[in-house]
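Chemist: The working numbering puts the first residue of the sequence shown at 1395, with every later residue one more than the last. Each residue gets a CB set at the ideal place from its N, CA and C atoms; glycine is no exception. Take this structure, written in structure tokens, and hold onto it; I'll ask about it next.
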Amino acid sequence: MKKKVLTVDDSRTIRNMLLVTLNNAGFETIQAEDGVEGLEVLEDCNPDVIVTDINMPRLDGFGFIEGVRRNEKYRAIPILVLTTESDAEKKNRARQAGATGWIVKPFDPTKLIDAIERVTA
1395 MKKKVLTVDD
1405 SRTIRNMLLV
1415 TLNNAGFETI
1425 QAEDGVEGLE
1435 VLEDCNPDVI
1445 VTDINMPRLD
1455 GFGFIEGVRR
1465 NEKYRAIPIL
1475 VLTTESDAEK
1485 KNRARQAGAT
1495 GWIVKPFDPT
1505 KLIDAIERVT
1515 A
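Pasting the structure below:
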């Protein structure tokens, strides 16, 4: 059975790149444009892993991660942060919110797939 990945990013370009990369690697990909939509979509899709941006309108990545972690049902889902940010303080904040890992954009498709495989193994 295909593993499901929920991607949350406000950039259409990044969403398209993620869709192609993940689908080519054999994943089922569900997408959301920001944290608010991410939390709504989460209810129906029950992903194996989440890949989220930090800087988004309406609800940023930190708020989205906290929202996911508040729900007992989703506490065990690995969350990878995919962002242009490389600031140690932001990484630490994401970790405290409940992020599993951190990948800096632009992403290397192979490294992204490897990271997803690692956290869902």
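Using the beta-carbon count (16 or more within 10 Å), is Met1395 buried or exposed?
Modeler: Flag for Met1395 reads exposed.
Chemist: Which one of Val1443, Asp1403 and Gly1457 has the shortest CA to CA distance from Phe1526?
Modeler: Only positions 1395 to 1515 of the chain appear in the structure, and residue 1526 is not among them; the question remains open.
Chemist: Which one of Val1435, Ala1491 and Glu1483 has the shortest CA to CA distance from Val1402?
Modeler: The residue with the shortest Cα to Cα distance from Val1402 is Val1435.
Chemist: If you follow the beta strand (DSSP E) that Ile1444 is in, where does it begin and where does it stop?
Modeler: Val1443 to Thr1446 is the span of the beta strand (DSSP E), which, as asked, contains Ile1444.
Chemist: Could you tell me the alpha carbon to alpha carbon distance between Asp1502 and Glu1466, rounded to whole angstroms?
Modeler: Approximately 32 Å, taken between the alpha carbons.
Chemist: Going by DSSP, what residues sit across from Thr1477 in a beta bridge?
Modeler: Note: Thr1477 sits in a beta bridge opposite Val1498.
Chemist: Can you name the residues that DSSP bridges to Thr1423?
Modeler: The partner list for Thr1423 (beta bridge, DSSP) reads Val1399.
Chemist: In whole angstroms, what separates the C-alpha of Pro1441 from that of Lys1398?
Modeler: Their backbone Cα atoms lie some 5 Å apart in a straight line.
Chemist: Three-state secondary structure (DSSP) at Gly1457?
Modeler: Three-state DSSP puts Gly1457 in a helix.
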